[in-house]
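Numbering (my numbering), first residue to last: 858 to 1048.
C-beta: ideal position from N, C-alpha, C; glycine also.
Since the model is a prediction, treat every value here as computed from it, not as a measurement.
To keep things clear, I will list the structure first and then write my remarks on it.
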Amino acid sequence: MSDRADPFAIVVDANVLAGALTRNIILSLAEAGFFRPYWSFRILDEFERYCAKRTGSPENAKTQRLRIEAAFPEAIVGGIDAIEEGLNLPDLDDRHVLAAAIKAKAEVIVTENLKDFPASEMELHDIQVLTLDQFVADILDLAGPEAIAALRLMRERFENPEITAQELILKVETLGLSETANFLAAYKDLL
């Protein structure tokens, strides 16, 4: 984490952690101190199952989970069962995500399942729900070159294969993160 004063808290849903590049983007920005990430054990369980299914390697999925836990040991939110029971969401299986956000005093839930977190319920808890694209674009808009520097460090860690700034922009765009890709393109020389 950087020396930023009191970064705001977010809960990262499993579907954001599931993709290797999306996971790298969100965790690189967290590591740079733009926000404090949180998740529940169930979010990490869902991530691990999805990652194992996607890669065909339960061992790799477990390794990825252990790396996340080691990098952000303070991010685990436990003791949310009682909070979860009192929540009303369209998909009851998503209550643990909102419960984690309430317990962590998060301002934002970053998820690709916007429909599962209706505005009426989120307003009760003063929590905003954003897609990864919306969230990262907001960070890039607010922090500009400083946030780009964090993503440049992320890009430079890719060794096999290495990827150029232009290739990263194209990969981000291919994932449907168009707002993020536009910001990255505007700062391409710094990326």
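- For L1025, the enclosing alpha helix (DSSP H) stretches over residues 1022–1031.
- If you check the CB distance, E964 and I867 come in under 8 angstroms.
- The C-beta distance from I900 to A939 rounds to 18 angstroms, too long to meet the 8 angstroms contact threshold.
- Ranked by how close their Cα comes to the Cα of P1002, the residues D1046, I984, L987 have D1046 in first place.
- Nearest to D950 by alpha-carbon distance, out of E916, Q921, S897, is S897.
- The shortest C-alpha to C-alpha distance from A932 to any of E942, D995, Y907, L884 is the one to L884.
- The region 876–952 is shown to contain whole beta strand (DSSP E) runs of 3 or more residues at 893–897, in chain order.
- Ranking L1025, V869, R906 by CA distance to the CA of F929 puts V869 first.
- In this structure A918 is in contact with E905, their Cβ atoms being roughly 5 angstroms apart against a cut-off of 8 angstroms.
- Under the DSSP assignment, L1008 falls in the alpha helix (DSSP H) whose first and last residues are 1002–1014.
- Taking 8 angstroms as the cut-off, the beta carbon of D995 is found no closer than this to the beta carbon of G1033.
- Taking C-beta atoms as the reference points, V993 and I925 fail to come closer than 8 angstroms.
- The shortest C-alpha to C-alpha distance from A1004 to any of E916, P975, Q985, Y1044 is the one to Y1044.
- Take the alpha-carbon of A889 and the one of A1006: they are about 9 angstroms apart.
- Contact annotation: the region 968–988 does not touch the region 1023–1030, with fewer than three C-beta pairs closer than 8 angstroms.
- Taking C-beta separations shorter than 7 angstroms and ignoring five residues to either side along the sequence, the partners of L946 in its chain run R952, L955, D973, F974, E978, following chain order.
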